[in-house]
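**Student:**
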Amino acid sequence: MIDRRQLCLGLGSAAALAGPARAVSWAEGENALHILVTKSKRKLMLVRAGVTLHTFPIALGNNPKGTKRRAGDGRTPEGRYAIDAFNEWSRYHRALHISYPNADDLARARAAGWEPGNNIEIHGMPAGYETVDPPFFPTDWTDGCIGVSNRTIEVIWKTVSLDTPVVILA
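Residues 12 to 181, numbered by our numbering, are exactly what the sequence shown covers, in order.
(1) Examine the Cβ distances between the segment 158-169 and the segment 62-79 and report whether three or more of them are shorter than 8 Å.
(2) List the residues that DSSP assigns as beta-bridge partners of F147.
(3) Can you give me the C-alpha to C-alpha distance between K54 and F148, rounded to a whole angstrom?
(4) Less than 8 Å between the C-beta atoms of L173 and K50, yes or no?
(5) In terms of alpha-carbon separation, which member of Y140, T150, N129, V143 lies closest to E92?
(6) Can you check the segment 63-150 for any alpha helix (DSSP H) of at least 4 residues that lies completely inside it and give the ranges in chain order?
(7) Starting from K54, trace the beta strand (DSSP E) both ways and give me its first and last residue.
(8) With C-beta atoms as the reference, is E126 less than 8 Å away from R81?
(9) Just grab the DSSP bridge partners of G158 for me.
(10) Report buried or exposed for A96, applying the criterion of at least 16 other Cβ atoms within 10 angstroms of its Cβ.
(11) What is the C-beta distance between E132 and H108, in whole angstroms, given that I count them as a contact (C-beta under 8 Å)?
(12) State yes or no: is the C-beta of V171 within less than 8 Å of the C-beta of L47?
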């Protein structure tokens with residue numbers, strides 16, 4: 012098991028610490044814990060074996076309709092990803108890095124002559140908003156990430172591991 016603190020101390024990338032990359036098996040993933048994000052409903056769910064364990068409100072990129080196409084477009088990607096790093100010292104209260112861009116994202120961006128962007132995360136609130144824990148977010152405020160309350164990121168942080176599948180739907 013990878014010590015999450017090592018990932019944040021600059022001791023190497025998640026891949027280097029974890030050894031050879033392990034492909035996420037989506038068939039196995041149906042019975043394993045995974046994160047399901049439904050952008051249109053502004054919900055993140057922790058799901059195991061088809062049972063929703065937790066549902067949380069989310070904020071998205073400030074241009075939420077459609078999938079992320081390029082760096083700086085303010086969109087949150089749509090597709091299948093995985094948690095590939097933990098960042099305990101994010102400028103937001105904790106962050107889980109998502110394996111965006113995947114091969115489809117890269118191909119789509121490059122075909123259009125764009126850079127796909129990177130550093131998409133599920134993260135908590137910025138400084139000054141530590142106690143905000145709304146039943147819903149009235150506005151989308153990230154640059155393309157999935158924003159949650161600090162209470163929520165603590166639950167997710169303790170529940171998931173590296174390679175936890177993340178499915179982001181429109």
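In this text, a Cβ means the ideal position worked out from N, Cα and C, and glycines have one as well. Please read all numbers here as calculations on a predicted model, not as lab measurements.
**Tutor:** Taking the geometry as given:
(1) yes
(2) In DSSP, F147 forms no bridge with anything.
(3) Rounded to the nearest angstrom, the two C-alpha atoms are 10 Å apart.
(4) Contact: no.
(5) The residue you asked about is not Glu; residue 92 is Tyr in the sequence shown. Checked all of Y140, T150, N129, V143; the closest Cα to Y92 is N129.
(6) Runs of the alpha helix (DSSP H) inside the segment 63-150: 114-122.
(7) 54-59
(8) yes
(9) Checking the DSSP bridge columns, you'll see G158 partnered with A70, H134.
(10) Counting C-beta atoms within 10 angstroms of its own C-beta, A96 has 16 or more neighbours from the protein chains shown and is therefore classed as buried.
(11) Yes, E132 and H108 are in contact; Cβ-Cβ is about 5 Å, under 8 Å.
(12) no
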